[in-house]
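Novice:
Numbering (UniProt numbering), first residue to last: 1 to 357.
(1) Looking only at C-alpha atoms, which of 280, 251 and 285 sits nearest to residue 273?
(2) Please work out which residues of its chain come closer than 6 Å, Cβ to Cβ, to residue 142, disregarding the five sequence neighbours upstream and downstream, and give them in chain order.
(3) Which residues does DSSP pair with residue 298 in a beta bridge?
(4) Could you give the distance in angstroms between the alpha-carbon of residue 256 and the alpha-carbon of residue 242?
(5) Output yes or no for whether 7 Å exceeds the beta carbon distance between residue 186 and residue 287.
(6) What is the DSSP secondary structure of residue 347, reduced to helix, strand or coil?
(7) Please classify residue 130 as buried or exposed, where buried requires at least 16 other C-beta atoms within 10 Å of its C-beta.
(8) May I ask you to verify whether the segment 326-340 touches the segment 224-237, counting CB pairs closer than 8 Å and requiring at least 3?
(9) Name the two residues that bound the continuous alpha helix (DSSP H) containing residue 152.
(10) Among 329, 301, 61 and 346, which one has its Cα closest to the Cα of residue 192?
(11) Helix or strand or just coil, what does DSSP make of residue 342?
(12) Report the three-state DSSP secondary structure of residue 206 (helix, strand or coil).
(13) How big is the Cα-Cα spacing for residue 312 and residue 291?
(14) Just verifying my parser: in three-state terms, what is the DSSP assignment at residue 67?
(15) Would residue 330 pass as a contact of residue 65 if the rule is Cβ separation under 7 Å?
(16) List the DSSP bridge partners of residue 249.
(17) How would you label residue 341, buried or exposed, when you count the other beta carbons within 10 angstroms and need 16 or more for buried?
(18) Report, in whole angstroms, the separation of the C-beta atoms of residue 327 and residue 149, which I expect to be a contact under 8 Å.
(19) Is the Cβ-Cβ distance between residue 170 and residue 177 less than 7 Å?
(20) Determine contact between the segment 43-55 and the segment 99-117, defined as no fewer than three beta-carbon pairs at a distance below 8 Å.
(21) Measuring straight from C-alpha to C-alpha, what distance separates residue 206 and residue 305?
(22) Determine whether the beta carbon atoms of residue 307 and residue 44 lie at a separation below 7 Å.
(23) To the nearest angstrom, how far is it from the Cα of residue 174 to the Cα of residue 248?
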């Protein structure tokens, strides 16, 4: 049983693994239909109670494809900052200014009240180290059954750190730094692949540890890895970003805030998915711009019902039984080929036998 860590697990585990495997195998290969996400400002979300957050999530569930949380804290350029006043569960940068929320906390709480809605969390390797980002986002993904994504921002304006340097490495923020963070996070997601969880009751083997590799990240960040939890059922969480990338590392979905200039960004396999940012008024008043694969609509809580009615009128409701329950399948984007930590050193030494516990 070389490289196996033997454990005796309940007989229900193989059924869980079979369900996960089925989800992975059924990720759609064909192009996805036009997808729609909704973004609501931190300030409005911070004023809501727990039951109101749950109610908001239920209103979005089955109507839009995903909820982008915290996008306004991800500065497209340096020099902006948001401070926060005291509010339960929030993340803030100072003693005055608008309140903010922790996007991951909001998503984790809201996901308990929905069955279909995707959750895209804005976060930056600004105050958060890529290891912590990768772990927190992957935990959210497991909690949502593969419905999580990451909006990779250059900076987090909700913290009083300034927006000019990484709090961990002092590296300047920008395209190169964000690309390095994306590469590091993806490596960590892949270092302990979900395929290693075999849960074989007959042999007593839960994890094939031969497949668990060190991340061994160097450069902007030095991370040995791996994470303390296996990877996602959607391979990687889809990564959104406002920059085409740097050094060969690109987001899965490029977010463009100027509908008049559709950017064609080539990768080794195909153009990456392009999403346009629109106001609620622009979305309702004008035809959906051509050349895009989806839209992120920024709206206020007061205008949300009108927006949802407009979305329903433009397309049929989502089929909850459709074979696109993971966010990546719903968006119709393939995972990036690299990085590939599968050739890195093994974390666990191979063993001939292992005692069953």
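We put the beta carbon where it would ideally sit given N, CA and C, even for glycine.
Specialist: From the atom records:
(1) One-based indexing of the chain shown puts residue 273 at position 273. Answer by Cα proximity: 251.
(2) The residue given as residue 142 occupies position 142 in the chain shown. Hits under 6 Å: none found.
(3) Along the chain shown, one-based indexing puts residue 298 at 298. For residue 298, the pairing in a beta bridge is given by DSSP as 39 and 279.
(4) As a position in the chain shown, residue 256 is number 256, starting the count at 1. As a position in the chain shown, residue 242 is number 242, starting the count at 1. Computed Cα separation, rounded: 6 Å.
(5) Locating residue 186 in the chain shown gives position 186, counting from the first residue. Locating residue 287 in the chain shown gives position 287, counting from the first residue. At the C-beta level, residue 186 and residue 287 stay beyond 7 Å of one another.
(6) Within the chain shown, residue 347 is the residue found at index 347, counting from 1. Here residue 347 sits in coil by DSSP.
(7) For the purposes of this step, residue 130 is taken as residue 130 along the chain shown, with counting starting at 1. Around the CB of residue 130, 16 or more other CB atoms lie within 10 Å, so the residue is classed as buried.
(8) Three or more Cβ pairs drawn from the segment 326-340 and the segment 224-237 lie within less than 8 Å of each other, which places the two stretches in contact.
(9) If you number the chain shown from 1, residue 152 lands on position 152. From DSSP, residue 152 is part of no alpha helix (DSSP H) but of the beta strand (DSSP E) over 148-153.
(10) Position 192 of the chain shown holds residue 192. Checked all of 329, 301, 61 and 346; the closest Cα to residue 192 is 346.
(11) One-based indexing of the chain shown puts residue 342 at position 342. It is helical.
(12) As a working mapping, residue 206 is identified with position 206 in the chain shown. Looking at residue 206 - three-state DSSP - the assignment turns out to be strand.
(13) Looking up residue 312 in the chain shown gives position 312. Looking up residue 291 in the chain shown gives position 291. Rounded to whole angstroms, residue 312 to residue 291 spans 21 Å at the Cα level.
(14) Residue mapping note: residue 67 aligns to position 67 of the chain shown, counting from 1. DSSP places residue 67 in strand when its eight states are reduced to three.
(15) Position 330 of the chain shown, counted from the first residue, corresponds to residue 330. Position 65 of the chain shown, counted from the first residue, corresponds to residue 65. The Cβ-Cβ distance between residue 330 and residue 65 falls below 7 Å.
(16) By one-based count along the chain shown, residue 249 stands at place 249. For residue 249, which the question treats as bridged, DSSP gives the partners 246.
(17) As a working mapping, residue 341 is identified with position 341 in the chain shown. Residue 341 is buried by the Cβ-count criterion.
(18) As a working note, residue 327 is residue 327 in the chain shown. As a working note, residue 149 is residue 149 in the chain shown. Yes, residue 327 and residue 149 are in contact; Cβ-Cβ is about 5 Å, under 8 Å.
(19) For the purposes of this step, residue 170 is taken as the residue at position 170 of the chain shown. For the purposes of this step, residue 177 is taken as the residue at position 177 of the chain shown. No.
(20) The segment 43-55 vs the segment 99-117: in contact.
(21) Within the chain shown, numbered from 1, the residue matching residue 206 stands at position 206. Within the chain shown, numbered from 1, the residue matching residue 305 stands at position 305. For residue 206 and residue 305, the distance between alpha carbons rounds to 47 Å.
(22) Residue mapping note: residue 307 aligns to position 307 of the chain shown, counting from 1. Residue mapping note: residue 44 aligns to position 44 of the chain shown, counting from 1. No, these two residues do not count as a Cβ contact at 7 Å.
(23) Position 174 of the chain shown, counted from the first residue, corresponds to residue 174. Position 248 of the chain shown, counted from the first residue, corresponds to residue 248. Take the alpha-carbon of residue 174 and the one of residue 248: they are about 15 Å apart.
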